[in-house]
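Student: Under UniProt numbering, the first residue of the sequence shown is numbered 1, with each subsequent residue one higher. All C-beta atoms in this analysis are idealised placements derived from N, C-alpha and C, irrespective of residue type, glycine included. Mind looking over this structure? Questions follow.
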Amino acid sequence: MTLVVAFCAARMTDLVLMKISEMSLEKNQISIKTQTSNGGGIKLDHTIVFTKREGPICPVRALRIWHDERKSLRIDSDCLWWNFSKHSVPSPDNCSHLLSEIIHKAGVPDKYSGPTIRHAMITKLRAGGATQAEVNAFTRLAITSNVVDAYYYRPVERDLGALLTQQGQRHELFY
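What follows is the structure in structure tokens.
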């Protein structure tokens, strides 16, 4: 879950809406179809694509491991993620708590959480020269939204995605 957020800037609600039936597993990539709505009831379809990476930090490998683990546990739900403590589909709040627990175990300071990873990805994209519209498309925001620059773009923040993957390399944390 952590790598999914780090590599695609997913929101907690995005995580809850990810379905096994909407996953396409290929040799060098995994794609997940998902939807967002703009508040006005208009639903937009998106496909999030994860490509295989060399080294120990690879979202494709992590998703394959989780997919196989789900099968072996015989989880009877189409939701990609699972709340083991409640034996049910997780809520966005459950995802946020789990994600915070994972990143804190990896050594990331307590002041950072799941949404902070998303914001760090947005900051990295903007600092790397991506336009607001490009970042909006990547993060599944409305193309004309200015929320990225108004709230998320924080050039002084540390690159939490890089920090998380560095910590993950030391702890071999894949999901």
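Would you say Trp81 and Leu15 are within 8 angstroms of each other, going by their C-beta atoms?
Tutor: yes
Student: Can you give me the Cβ contacts of Phe7 inside the same chain, cut-off strictly under 7 angstroms, excluding the 5 residues immediately before and after it?
Tutor: Phe50 and Pro59
Student: What does a CB cutoff of less than 8 angstroms around Ser113 pick up in its chain, not counting 5 residues either side in sequence?
Tutor: Ser96, Leu99, Ser100 and Ile103
Student: Threshold first: 3 residues or longer. Then list the beta strand (DSSP E) segments lying entirely within the segment 57-134, N to C.
Tutor: none
Student: Excluding the 5 residues preceding and the 5 following Leu44 in the sequence, name in chain order all residues of the same chain whose CB lies nearer than 6 angstroms to its CB.
Tutor: Thr36
Student: Could you tell me the alpha carbon to alpha carbon distance between Thr144 and His46, rounded to whole angstroms?
Tutor: 17 angstroms
Student: Could you check which residue in Ile57, Val108 and Val147 has the C-alpha nearest to that of Thr123?
Tutor: Val147
Student: Alpha carbon to alpha carbon, how far is Ala10 from Lys71?
Tutor: 24 angstroms
Student: In the DSSP assignment, what residue or residues form a beta bridge with Ser31?
Tutor: Ser24 and Val49
Student: Would you tell me roughly how many angstroms separate the C-alpha atoms of Glu54 and Ile65, rounded to the nearest one?
Tutor: 16 angstroms
Student: Where does Arg170 land, buried or exposed, given buried means 16+ other C-beta within 10 angstroms?
Tutor: Because the pLDDT of Arg170 is 45, which lies under 50, any placement of that residue in the model is unreliable, and the number read from its coordinates should be weighed accordingly. With fewer than 16 Cβ atoms within 10 Å of its Cβ, Arg170 is classed as exposed.
Student: Can the beta-carbon of Leu3 be found less than 8 angstroms from the beta-carbon of Ile75?
Tutor: Not in contact: Leu3 and Ile75 (Cβ atoms no closer than 8 angstroms).
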